[in-house]
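Everything on this sheet refers to the single structure shown next.
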Amino acid sequence: MELPATSAPADCSQELHALFLQRTDVCLWLGIVFFSVFSILDYFQSRQFFELFLAYRLCYICFLGALLLFLRTATGTRHARGVMFVAMLCGTLAISLMIVEQGGFISGYYVGILLMIAGGFSVLPLNVTQALVLGGAMYLVYVLTVIIRIHPINGQQLGALISNSIFFLSLVTVTAIQCYDEIQTTIRSLRTKKSLQALHAELKQYTGDLEALVRQRMEMLEESDLKFHDLYATIPDLVVLINPEGTICMVNQHGALLLEQTPEALEGTPLLDCVQPQYRPVLAQKVFARLNRKEPVQGVQLQLQTPSGRTIEVEASGSRVELAEQTDHYQLIIRDISQTKEIERQVIESGQLLDTSRKAAIFGLARLAECRDDNTGAHLLRIREYTRILALELTENPELRHIVTDQYIENLCLSSVLHDIGKVGIPDSILLKPGLLSTEEFETMKRHCQYGSNALASAEYDEEGLGFLRMGEEIALYHHERWDGTGYPMGLSGIDIPLSARIVAVADVYDALTSSRSYKPAFHHEQARTLIVQESGHQFDPAVVNAFLRREGDFKAARRDLLMQTAPPL
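According to our numbering, the residues represented by the sequence shown are 8 to 577, in order.
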């Protein structure tokens with residue numbers, strides 16, 4: 008089956024297909040790895056079905072291997088989208104069969120299908136239509152498989168189906184929005200790359216012509232003064248001859264037109280007068296100083312100004328030259344790079360847009376875990392702000408400042424909102440229970456740490472660009488560990504608990520204490536402060552508690568501001 012072609016201009020279609028083919032190969036290999044690794048989860052979570060689930064996984068892994076071989080044929084190369092579509096549908100079917108064995112819609116294994124969507128859609132260059140079609144098809148495979156294999160559908164199954172469908176379709180919608188942003192950014196990047204390649208080819212051709220022209224003139228002209236006059240009159244860049252004081256002795260016609268003046272008006276004036284004031288120190292230190300030391304100048308970027316106020320981005324190169332009757336003069340070739348700089352700015356803006364879209368998608372994914380317990384999302388905003396306050400204060404701690412760098416803080420704030428993402432795998436009967444949990448129910452609730460960690464671990468694929476996911480994985484797993492070693496799920500203590508989890512633990516508890524719940528009213532700041540101080544050295548890292556005490560005013564202000572921002576209108 009072949010998905011609709013990516014809606015992109017014809018000049019980018021080949022590049023997009025090549026990108027899709029490359030990433031399809033990566034996704035198939037990742038599917039083989041993760042389907043193999045997750046058999047460990049089967050062993051611990053569904054040991055009675057381990058052999059059956061292992062058979063499902065091995066069949067799917069062999070099928071992916073066959074698709075990889077087919078992808079290397081001419082036919083497979085042309086139908087890469089169809090190959091990926093079939094692979095994800097079959098993966099959905101394999102997981103759905105496991106779900107059937109675990110009781111149907113009440114099984115938390117459907118999170119595996121959500122991970123396939125989140126991971127696959129973020130890697131593959133899909134447009135909105137493709138994302139919606141593929142996501143809808145996977146949803147139908149999941150629902151129909153369970154309905155066909157489990158009947159009749161009782162009330163508990165129906166409730167779970169409705170709950171799971173909300174999460175499923177919400178994730179498909181969020182990823183489709185992300186796909187729209189990413190495909191537009193990819194198209195713009197491909198266009199920019201083509202423009203730069205064309206510009207490079209044009210400049211290379213131009214440079215070759217210029218060198219040939221210079222050689223020809225050197226062979227034809229015997230007098231050096233005539234040689235320089237002829238060169239200045241023909242070269243399209245700004246070519247200027249200056250003395251050691253920086254005064255213009257000669258300028259070509261094209262250069263004078265670039266500066267909106269005549270050669271006669273420019274000759275005898277300081278070159279500094281043609282440079283933007285903030286770039287005059289650069290001209291003096293990186294150009295004049297080097298030339299006076301008889302060193303060549305290469306690729307110094309400046310900004311020129313014209314009498315009308317127009318700014319021109321340029322790149323200057325130059326060296327010492329000897330004239331027939333004079334010495335110690337310097338020739339500068341100043342090239343207009345305004346168009347290149349504009350392309351660079353557009354590329355930077357595209358990267359910033361991609362980063363913004365990715366952060367929005369991450370927050371939307373984290374909201375999936377929050378929307379089931381009647382939370383508006385304000386909890387995530389508060390956790391992120393409290394985490395930022397604590398991390399900034401810890402930069403003043405001599406023992407931690409080498410860890411808490413600017414990049415660490417950025418990753419920490421981005422990943423802190425994912426701390427409870429594993430709750431998507433907890434049944435509603437436990438997650439939404441208004442009273443205290445029983446011992447058995449609490450043991451089930453504890454599993455959200457492992458669920459969240461596994462989910463984020465399976466989504467990692469970019470060694471540099473997604474470092475926050477690795478931090479999110481450790482926060483999700485360890486944010487309920489205690490400093491004295493009595494926490495869960497691993498029972499870690501002290502500095503064996505990752506710093507990121509120790510920071511988020513204080514932020515999370517503070518927000519829980521100062522927020523109303525079905526079983527308690529919201530505490531005042533002073534009450535929450537007292538409880539946190541009492542738990543210093545027991546539940547919390549004393550260094551993080553001390554940071555909280557030094558910045559408790561900021562906590563109160565942040566809580567007040569966020570409550571005002573998220574309060575419903577009267």
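C-beta: ideal position from N, C-alpha, C; glycine also. In this text the structure is predicted, and so the values were computed from the model without any measurement.
Is it buried or exposed for residue i, if we count other Cβ within 10 angstroms and need 16 for buried?
i      : result
Gly498 : exposed
Phe449 : exposed
Tyr50  : exposed
Cys66  : exposed
Asp491 : exposed
Asp568 : exposed
Met571 : exposed
Asp427 : buried
Ile47  : exposed
Lys430 : buried
Arg85  : exposed
Ile124 : buried
Glu252 : exposed
Asn250 : exposed
Ala25  : exposed
Gln541 : exposed
Gln185 : buried
Thr193 : buried
Arg64  : buried
Thr31  : buried
Which first and last residues belong to the beta strand (DSSP E) in which residue i is found?
i      : result
Leu131 : Per DSSP, Leu131 belongs to no beta strand (DSSP E) and is neither H nor E.
Arg342 : His336 to Asp343
Going along the chain, which residues of its own chain have a beta-carbon closer than 7 Å to the beta-carbon of residue i, five neighbours each way excluded?
i      : result
Gly494 : His487 and Glu488
Gly83  : Phe77 and Val90
Phe70  : Cys97
Thr516 : One point to set straight first is that residue 516 is Val, not Thr, in the sequence displayed. Answer for Val516: Ile539, listed in chain order.
Met95  : Met123, Gly127, Leu141 and Met145
Residue i lies in the alpha helix (DSSP H); which residues open and close that run?
i      : result
Ala263 : Gln260 to Leu265
Leu443 : It is not in any alpha helix (DSSP H) - Leu443 carries neither H nor E in the DSSP assignment.
Asp49  : Ser46 to Gln52
Arg64  : Phe57 to Leu78
Thr412 : No alpha helix (DSSP H) contains Thr412, which DSSP labels as neither H nor E.
Asp435 : Asp435 to Leu438
Tyr393 : Ala385 to Leu401
Val294 : That residue, Val294, is in no alpha helix (DSSP H); it is neither H nor E in DSSP.
Tell me, please, which residues DSSP counts as bridged to residue i.
i      : result
Thr254 : Pro277
Val516 : Beta-bridge pairing links Val516 to no other residue.
Leu141 : DSSP output for Leu141 lists no bridge partner at all.
Val511 : In DSSP, Val511 forms no bridge with anything.
Val90  : DSSP, once it has assigned bridges, lists no residue as partnering Val90.
Val107 : Val107 is not bridged to any residue.
Val148 : Paired residue(s): none; Val148 is not in a bridge.
Val40  : Answer is none; Val40 lacks a bridge partner.
Helix, strand or coil for residue i, going by three-state DSSP, please let me know.
i      : result
Val247 : strand
Ile155 : helix
Glu322 : strand
Gln2   : The first residue shown for the chain is 8 and the last is 577, placing residue 2 beyond what the model contains.
Lys301 : coil
Gly83  : helix
Gly560 : helix
Arg327 : strand
Ser500 : coil
Arg566 : helix
Phe547 : strand
Val424 : coil
Gln310 : strand
Arg198 : helix
Arg536 : helix
Arg454 : coil
Arg317 : coil
Arg524 : strand
Apart from the five residues on each side of it in sequence, which residues of its chain come closer than 6 Å, Cβ to Cβ, to residue i?
i      : result
Leu245 : Gly262, Leu265 and Ile341
Arg395 : Cys420
Glu406 : none
Leu75  : Leu35
Ser522 : Ala529
Cβ of residue i versus every heavy atom of the ligand COA: is any distance shorter than 8 Å?
i     : result
Cys69 : Within the structure as shown, the ligand COA is missing, as the structure has no ligands at all.
Report yes or no: is there a C-beta of chain B within less than 9 Å of the C-beta of residue i?
i     : result
Gly72 : No chain B appears in this structure, which consists of one protein chain only.
For residue i, I'd like the list of residues in its chain whose CB is within less than 8 Å of its CB, leaving aside the five on either flank, ordered along the chain.
i      : result
Cys456 : Gly429, Ala483, Leu484, Tyr485, His486, His487, Tyr495 and Pro496
Ala565 : Arg389, Glu392, Tyr393 and Ile396
Ala519 : none
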